[in-house]
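Student: Under this note's numbering, the letters of the sequence shown match residues 1 to 235, in that order. Think of the CB as a built atom: it goes at the ideal place given N, C-alpha and C, for glycine as much as any other residue. On a predicted model such as this, the values are computed, not experimentally measured, just so you know.
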Amino acid sequence: MAINAIFFDLDDTLHDHLYPFSKAFKDSFPALSQQMDVESLYKKFRDFSDLLWKKYSNQELTLEELRIARIVMALEYFQKGITNEQASEFQAQYELNLDQLQLFADVPELINALKAMGKLVGIITNGPVQHQSNKIHSLDLTSYVSRDHIFISDEVGVAKPNKQIFHHVAKQVNMLPSEMLYIGDSWPNDVVAPMEAGWKAIWYNHRKRLPDTPHKPLEVINDLLSIIDIVDKEK
1 MAINAIFFDL
11 DDTLHDHLYP
21 FSKAFKDSFP
31 ALSQQMDVES
41 LYKKFRDFSD
51 LLWKKYSNQE
61 LTLEELRIAR
71 IVMALEYFQK
81 GITNEQASEF
91 QAQYELNLDQ
101 LQLFADVPEL
111 INALKAMGKL
121 VGIITNGPVQ
131 HQSNKIHSLD
141 LTSYVSRDHI
151 FISDEVGVAK
161 PNKQIFHHVA
171 KQVNMLPSEM
181 LYIGDSWPND
191 VVAPMEAGWK
201 AIWYNHRKRL
211 PDTPHKPLEV
221 INDLLSIIDI
231 VDKEK
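(1) Let me confirm a value: Lys-160 is counted as buried when at least 16 other C-beta atoms fall within 10 Å, else exposed. Which label applies?
(2) Are the beta-carbon atoms of Asp-185 and Asp-27 separated by less than 8 Å?
(3) Helix, strand or coil for Val-107? Go by DSSP, reduced to three states.
(4) Would you check if the segment 189-206 and the segment 157-176 touch, i.e. whether three or more CB-CB distances between them fall below 8 Å?
(5) I'd like to check one pair, Ile-71 with Val-231: are the Cβ atoms closer than 8 Å?
(6) Between Glu-179 and Ile-202, is the Cβ-Cβ spacing less than 8 Å?
(7) Taking buried to mean at least 16 other C-beta atoms within 10 Å of its own C-beta, is Asp-99 buried or exposed?
(8) Closer than 6 Å by C-beta to Ser-49: which residues in its own chain qualify, once you throw out the five before and the five after it? Chain order, please.
(9) According to DSSP, what are the bridge partners of Trp-203?
(10) Ordered along the chain, which non-local residues of its own chain (more than five positions away) have a Cβ less than 8 Å from that of His-168?
(11) If contact is defined by three or more beta carbon pairs under 8 Å, each pair taking one atom from either stretch, is the segment 10-20 in contact with the segment 104-112?
(12) Thinking C-beta only, is Ile-6 closer than 8 Å to Val-173?
(13) Give me, in chain order, the residues of the same chain whose beta-carbon lies closer than 7 Å to that of Ser-88; leave out the 5 immediate sequence neighbours on both sides.
(14) In angstroms, rounded to a whole number, what distance separates the CA positions of Trp-199 and Tyr-182?
(15) Identify every run of the beta strand (DSSP E) within the segment 62-95, keeping only runs that are complete inside it and at least 3 residues long; order them along the chain.
(16) Can you tell me where the beta strand (DSSP E) with Ile-228 in it begins and where it stops?
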């Protein structure tokens, strides 16, 4: 069946999430940042963030506890230690940097091309409503994507990697899962979860990660514009 709707992850798929993290880390921990590969730390930070998000979704952690734990655990993985107070200061610095977010350069051309093909385009993102809405506003994404087609996990009441969020979105846009494609950078959240819900998936693996399961996405890409040809061929 042809792909009629394309939904994207937000963080590190439509915009460079490494930039605000890297700047906040270097500003907060100048000595540590000289000793470490910040991109490797960022990947581990994202891994722990995804892991802890399940506990937050189940109300086992507060949002503040999650934000402290993910950077503490990421640094512990590399045998570096910080206090909870330092972790809170890092989070505050990171949030200040969110005003400087930028879309990846190819995103406007990509979304406009998909819409010109008659495809519905949307976003599914994990996070608190206000926090993610601020990012969407900063990136001016509603110039490209209808707010009705932007789904934030805390607004929906279920988060990736729970496949129910994909069932919810398919129902909201009145389409079959087999008509729908999801694109993102996280293997468990953006490949496994939508595929388990019957969607097609493309893994945007620009951080050169390794898959965790035998799932076979439609494609693995590191060039966003390649999505146009992939969608065009799925008729």
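Tutor: Inspection of the coordinates gives the following:
(1) By the 10 Å Cβ count, Lys-160 comes out buried.
(2) The Cβ atoms of Asp-185 and Asp-27 do not sit closer than 8 Å to each other.
(3) When secondary structure is reduced to three states using DSSP, Val-107 falls in the helix class.
(4) Touching, per the Cβ criterion.
(5) No. Outside cutoff.
(6) Taking 8 Å as the cut-off, the beta carbon of Glu-179 is found no closer than this to the beta carbon of Ile-202.
(7) Around the C-beta of Asp-99, fewer than 16 other C-beta atoms lie within 10 Å, and the residue is accordingly described as exposed.
(8) Cβ within range, chain order: Arg-70.
(9) In the DSSP output, where bridge partners are listed per residue, Trp-203 has Gly-184 and Val-220.
(10) Within the same chain, His-168 has close Cβ partners Phe-151, Val-156 and Val-158.
(11) The segment 104-112 is in contact with the segment 10-20.
(12) No, these two residues do not count as a Cβ contact at 8 Å.
(13) Apart from sequence neighbours up to five positions away, the residues of its chain that approach Ser-88 with a beta-carbon distance below 7 Å are Ile-68, ordered along the chain.
(14) C-alpha of Trp-199 to C-alpha of Tyr-182: approximately 7 Å in a straight line.
(15) The segment 62-95 contains no whole beta strand (DSSP E) run of 3 or more residues.
(16) Where Ile-228 is concerned, there is no enclosing beta strand (DSSP E), although the alpha helix (DSSP H) it sits in stretches over 226-233.
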